[in-house]
Amino acid sequence: MFGLYPAGPQWIKFFSSTVDARALQRSLVDDAGFTAGIFHQPFGTQRGFAVAQRERFLVLADSLERAEPELVVVPDVEMQNLLWSFNTGYSGQWSARELLSLTGQSEWNGLIRAASTALALIGDIVEQAAAGRLSRPSVAPAPVMEIWPDDGNEAWLPPDYTYDAPFQEELSCVR
């Protein structure tokens, strides 16, 4: 169904879902912070419907009607083209400035490392969502800021510091 993508098979993660595409989209958006897709077909017909996106990766479903669709996680079209350039030896056509503006990485090693890490992380999240096990991460409670009863510098000063001196101070050089 999905076919080949320009970046190559090493940049694709396949999943079988136990929930339909719309429920999967809702779970990814609500629980994992993905951006909802508009169910368009970015790579052409019969190549997958865009369910959600995160960073430079798309989650595609083979069908919107099936109760248990097949899913793939792939780089978006721009990233596909960059990875294709790298894989086929055309990486020299991209300057460091172009890479930086497109991806936030100024060199290919950083780009490949960041893309691999993102694909693994996003793949794990989609796998959980496809199995119906994705839940919103728990939020740590806000810290309680306790204050001193008389919040000032008094707690750190000697006890007689805040009282007036019983004698008049004189300069040390006066005789």
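Counting along the sequence shown from 1, when you hit position 25 you're at 7 in my numbering, and nothing is skipped either side. Note that beta-carbon positions come from the ideal geometry of N, C-alpha and C, so glycine has one too.
Contact between the segment 105 to 117 and the segment 5 to 16 is present, with at least three C-beta pairs closer than 8 angstroms.
Here the alpha carbons of V126 and S(-2) stand approximately 44 angstroms from one another. Where R38 is concerned, there is no enclosing alpha helix (DSSP H), because DSSP gives it neither an H nor an E. For E52, the pairing in a beta bridge is given by DSSP as S(-2).
Taking the Cα positions, G92 is about 12 angstroms away from A100. As the crow flies, the alpha-carbon of G71 is around 47 angstroms from that of A122. F31 and E128 have their C-alpha atoms roughly 52 angstroms apart. Contact between Y(-13) and V33 is ruled out by a C-beta separation of about 16 angstroms, above the 8 angstroms threshold. The beta carbons of N69 and G(-10) sit about 6 angstroms from each other, so the pair counts as a contact at 8 angstroms. Judged by beta-carbon spacing, S67 lies within the 8 angstroms limit of W76, meaning their Cβ atoms are closer than that value. When beta bridges are read from the DSSP output, P57 appears opposite F39.
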